[in-house]
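What follows is a single structure, written as C-alpha cells, with notes after it.
2 protein chains.
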Amino acid sequence: MPKPALDYLFNPGSMAIAGVSADMARPSPAQWFLKSLINFGFKGRVYPLHPAGGEIYGMKVYKNVQDIPGEVDYVVSAIPARFTPQLIEDCGTKGVKAVHLFTSGYGEIEAEIGKQLEVEVLRIARRTGVRLIGPNCMGLYCPASGLTFAGDYPDQHGFPVRPGPLGLISQSGGNCIFCIREATVRGVFFSKAISYGNAVDLNECDLLEYMTDDPDTKLIAMYIEGVKDGRRFMRALKRAVSLKPVIINKAGNTETGARTCSSHTGAIAGSAGTWQGLLRQVGVTQVGSMSELVDISVAFARMPVPAGRNVAVVGSGGGVGVQAADEITQAGLHLPVLPSDIREKLHNIYGTEAGAIFRNPVDVPPLASKEMYIKAVQAIADSDQIDVIIMHFPFDLWALAHRTILVAPFTEVVSELSQTIRKPLAIVLHYCVSANARKLADEVQEKIVNLGLPVFPSIPRASQAINKYIQYNERHNVNKP
Amino acid sequence: MPKPALDYLFNPGSMAIAGVSADMARPSPAQWFLKSLINFGFKGRVYPLHPAGGEIYGMKVYKNVQDIPGEVDYVVSAIPARFTPQLIEDCGTKGVKAVHLFTSGYGEIEAEIGKQLEVEVLRIARRTGVRLIGPNCMGLYCPASGLTFAGDYPDQHGFPVRPGPLGLISQSGGNCIFCIREATVRGVFFSKAISYGNAVDLNECDLLEYMTDDPDTKLIAMYIEGVKDGRRFMRALKRAVSLKPVIINKAGNTETGARTCSSHTGAIAGSAGTWQGLLRQVGVTQVGSMSELVDISVAFARMPVPAGRNVAVVGSGGGVGVQAADEITQAGLHLPVLPSDIREKLHNIYGTEAGAIFRNPVDVPPLASKEMYIKAVQAIADSDQIDVIIMHFPFDLWALAHRTILVAPFTEVVSELSQTIRKPLAIVLHYCVSANARKLADEVQEKIVNLGLPVFPSIPRASQAINKYIQYNERHNVNKP
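Protein chains in written order, with my numbering: chain A, 1 to 481; chain B, 482 to 962.
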C-alpha cells in the first residue's frame, strides 16, 4: 500500500527547533519542545537552533539551519513572528520539507502587520517548496515516530507513548492537548494528533485527506473553527465518512463564538445552521465540546455495537436512578421495565425487595454481597430485551457506609463481569465532588479502563455518547447482514 | 418571634436510635447513625435501642424505648419494616414527638405488604400523636443542634458543623447527601437539610412551610419526585417565593422517570409540562440536576447581584475561549466586544498582541506576569459596559509550561482581585481530567472558596447559573430602587 501523501510530516528523520536559547536562566517554550522530544524518545536527530549559539543538554546550538551538518526534514519555529520569513527562506535553501510555526502574531491579531506576515510566509513557502503547519499552533503528536509537544513535568504526565486508533485534527492547540489528556486517561490512544492553528498552508482538507488514507487511523476526530475551501472540505469529508467514522466539534456556532474564532485562528466560522445541516447530511457525528468528542471516541473505540437502544441501569441510589431514567430517556435511549421473569430472578437473588428496586433502573442494596451483584447483572444480561448495560457508582452519595468498603466490591464485580458478559457494558463513575472521592474515583477508573471497558463521568454523558454511537451504526448499516 | 411549628423536629433534647445491636462484629447503619451523632457533637442525650440489650461505645443499649429513663423527643428507626408498627406504638406511649423511619420496605416496593404497612404506621401515628419522617429516608441534618446522618470515616468527610443560609428539602437521601457534599465543598453551608422519603405523614408542604418561617434559612432548595396535595403545595410555594428564593429540582420528567419515582418513593410524579409551567408562574428557579441546584445556590449565596447580562471572560486558551463564547451566549448571557479604550489599555499592559486576544473572551498570555494579569482584569472591571467577570483556569490544557508554575500565580491574582474588584466575579476551574490536575484543582478551589468567591467547574455551568440568578433578580425586582 502506498504511503499517504503527507506521511513524511509525521515521520521526519531529523528535526531542528528554532529559538532554543542555551541560557537556562531564561526557560522558553522552545527549550521545552526540545526537552519533550528527547524525553519522549524521538527516533531521529534533533538540533537546537538559536542566533546566539552555545550548548544545551550537551547539544550544540546551531546559529543557522544551514550550518547543521546533514539533512533536516522538519523545523519547529518558536521564534518571534518577524524573524519567521527569513527562517523559512533558510529552510528552503537547506531543503527542509516542512516548518511548524508554533509562533503566533499573524492573522489572528488585530494589527495589520499580522495579516501581512501571513501573506509573506506563505509566498516564501510556495516559492521554496517548504510546507507550513500553523502558524499559531502546537504541531504534531505521533507516538509511533516519537513526535510530541507535551512537556515532561512532575505535575503533568507527558503524552503516552502507546499508540491507538484515534486520529485528531484540531485547529486549537489547547483543545488538542486537553483531548489527548482526557481520551488517554479513558483508554483511547492516538495514531496521530495535529494542532494546525491558522492553516495558512496545510489546512483541514489536507489533514483530513491524510487521516482518511492513513492505515493506522481507524477513527477521525476534528475540532474546527472554520474551513478555507468549503467545497473541497465537503468532498474530503464524504470520502472520509465512507471509510471511517468521523466525529466533528465545529465551534463558533453563535455570533459571539464566530467572532472569537476569527480572533483565535483568523477563521471564518460560517453559519451554525448551515454547518449542522451539511455535516448531518454527510453522516458526520457532531459534538458540542471536546469532552463530548472524547465520550463518543470512547464508545467507538471501546464498546461493541449495541443491537438496539434498550438500556438497563444497575447501581445503588434511588434518587440517582430517577434522574438517570430522565436523562437516559432524554438522550434518546429506552429504559424498558425489566420483564417479570428477570425481576423474579432478582427477588430470588437478593431475598428481599426492601432497599432495592428491580424495575429498571435497578437499585441494588449497597451492602449486599458481590456474588449477588454479579448474579443480578448476569440475569439482566441474559434478557434478550436488553441491549446495553450501564453500571454506575456514585462516589459522594454515601453517608452511613464506609465509601471504600463499597468501592472495592464494585470494582471486583465489574472486573468479574468484564470477563463474562457479552452485552455492551458501560461504566459510569459519578457523583464525585469531594477531594477524597475524586482520588478514589481516579483509582477505580484506571483499573476499569485497564479492563478494556468504556468509562464515563456521568449518566447524561454516557447515554448521549451511546445514543450517537448507535445512530452512527444505524446510518452506516453496521448491524445489517 | 415565635418558633416555626416544626422547630422541635430540628432541636430534640434527647434521641433514641432503634436497631443498634451491641454486637460490633455485625456493623449496621444503626450503629453508624449513633456514631455519627456522637462524633458530630449532638448536644442532647442519645440512647441506643435493641431487643438484645447489651452495651455499645460505653453506653447501655435499652431493650425498649419505654425502659429509657427520662424523656425521649425523637427516635430514629433502623429496624426491619415489620417491627415498626410496634415501635411507633411504644413511642406513642413514651411521649416521643417524632419518629424518623430510615427503614425501607413500604409503599416504594412492589409487594402489597409495603402499602399495607404504610397505612398501618400512619394510623398508629395519628392515634398516638407521633409525627413521622419518611419512611425510606436519611432524616435530618442541622449543624446548629448537632443533628447529622453523615458517617465519620477517614475516606469521607462528615458533614460540616459550620451552619449557613441554605435549607434543603429532598425526597431522595442520596441526592440530599450529594448536595450537602457538593455545596459545602463550594462554600455554601446549610441551616437545615432533610431527606423525607415516602412522606407518609410529614411531607414536602409541611417542610416547605417550616423552611419559609425558619429565620436561619435564607434560601430554600428542593428535590421532589411528586407531591401529595398539589393545591396546598402551590399555596405554600407562593408564600415561600414571596419571602425567599426557592430552587426546585423536580425529577420524573419523562414517563420512565415518573415510573421510577413511584418505585423509589411511591410518588406520583405528574406531567413534566404542567409542573414546569406552574413552577415558572410562581417564580421558582427550576433546575435539572443536584449539581445545577448547587451551582445556583453558589450564585445566590456567594455573588453580588449583577447589574446586567454583559460578561467578560478572562483566562488562557484560544479554543477554550471560542467554546466559552458559544456556551455563554447559548446560556442567555451577553459577551460584548470590549470597548476600544479598554482594549487599548490591555495592549499597553501586555506590550504585544501576539499570543493574546483582547476582544472578549480575553485570552491572556499564560506566562505573563501576575501584575499584568491583575491590571488587565482591573481595567476590564472599570468598564461600565461589563456587569460580570468570569476568570477561568483550564488545568489540563498545558503541554509546554509547568502546570504548577501557572497555577500559583493564577491563585494569587484571584486572591488580590477578590480584595479590590467590586464587580461580581466568578471563577471557573475546568478542563480537569487527569488525576494530577484534579488534585491541583481541588487545592486551588479550596483556597478560592475561602476567599468568599463563587467557583464553578465549567463555563456552561457557571453561565447557566449566573443567567438564572439574574432572571430571578429581574423577576423579583431586586435591583429596582
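Note that CB positions come from ideal geometry on N, CA and C, so glycine has one too.
Does any C-beta atom of chain E lie closer than 9 Å to the C-beta of residue i?
i       : result
D341(A) : As a matter of chain content, chain E is missing from the structure shown, whose protein chains are A and B.
Any C-beta of chain B sitting closer than 9 Å to the C-beta of residue i?
i       : result
I357(A) : yes
N253(A) : yes
A462(A) : no
I169(A) : no
M391(A) : no
K439(A) : yes
Y431(A) : yes
K480(A) : Note that K480(A) has pLDDT 45, beneath the 50 cutoff, so the model's placement of it is unreliable and the number below is only indicative. Not closer than 9 Å to any Cβ of chain B, the Cβ of K480(A) fails to qualify, so no.
W275(A) : no
S172(A) : yes
L397(A) : yes
P394(A) : yes
M290(A) : yes
I374(A) : no
Helix, strand or coil: which one does DSSP assign to residue i?
i       : result
S653(B) : coil
K673(B) : strand
T103(A) : coil
A857(B) : helix
T755(B) : helix
K541(B) : strand
A916(B) : helix
V185(A) : helix
D554(B) : coil
L451(A) : coil
S770(B) : coil
R607(B) : helix
N479(A) : Its pLDDT being 47, under 50, N479(A) is placed unreliably by the model, and the measurement read from it follows with that caveat. Note: N479(A) maps to coil in three-state DSSP.
F358(A) : coil
K731(B) : strand
Would you please verify whether the beta carbon of residue i is less than 9 Å from any beta carbon of chain A?
i       : result
M692(B) : no
V818(B) : yes
M703(B) : no
R643(B) : no
D849(B) : With the sequence shown as reference, residue 849(B) is identified as Ala, and Asp is not the correct amino acid for it. Not closer than 9 Å to any Cβ of chain A, the Cβ of A849(B) fails to qualify, so no.
H957(B) : no
T810(B) : yes
Y538(B) : no
T698(B) : no
H745(B) : yes
S502(B) : no
G586(B) : yes
How about residue i and residue j: are their beta carbons less than 9 Å apart?
i       : j       : result
I705(B) : Q652(B) : yes
H873(B) : L910(B) : yes
G494(B) : D554(B) : yes
P4(A)   : D213(A) : yes
F149(A) : F10(A)  : no
S458(A) : R662(B) : no
S778(B) : I728(B) : yes
G319(A) : V313(A) : no
P529(B) : V542(B) : yes
G252(A) : G226(A) : yes
S676(B) : L647(B) : no
A788(B) : I947(B) : no
G639(B) : F521(B) : yes
| message | Can you pull out the residues from the segment 174 to 197 of chain A whose beta carbon lies closer than 7 Å to at least one beta carbon of chain B? | response | Cβ contacts with chain B come from G174, N175, I177, F178, R181, E182 and V185.
| Residues of the segment 119 to 151 of chain A with Cβ closer than 7 Å to any Cβ of chain B, in chain order | Listed by position along the chain: M138, F149, A150 and G151.
| message | Beta carbons nearer than 8 Å to chain A: which residues of the segment 506 to 529 of chain B have them? | response | Answer in chain order: P510, W513, F514 and S517.
| Residues in the segment 713 to 743 of chain B with C-beta within 8 Å of chain A's C-beta atoms, listed in sequence order? | Those residues of the segment 713 to 743 of chain B that come within reach of chain A (Cβ to Cβ, closer than 8 Å) are A732, G733, N734, T735, E736, T737, G738, R740, T741 and C742.
| request: Taking a Cβ distance cut-off of 7 Å, strictly less, list which residues of the segment 793 to 804 of chain B are near chain A, in chain order. | output: Residues G798, G799, G800, V801, G802, V803 and Q804.
| request: Could you tell me which uninterrupted beta strand (DSSP E) segments, each at least 3 residues in length, are contained entirely in the segment 191 to 238 of chain A, listed from first to last along the chain? | output: Within the segment 191 to 238 of chain A, the complete beta strand (DSSP E) runs of at least 3 residues fall at 219 to 224.
| message | At 3 residues or longer, what runs of the beta strand (DSSP E) sit wholly inside the segment 310 to 334 of chain A? | response | Segments of the beta strand (DSSP E) lying fully in the segment 310 to 334 of chain A: 311 to 315.
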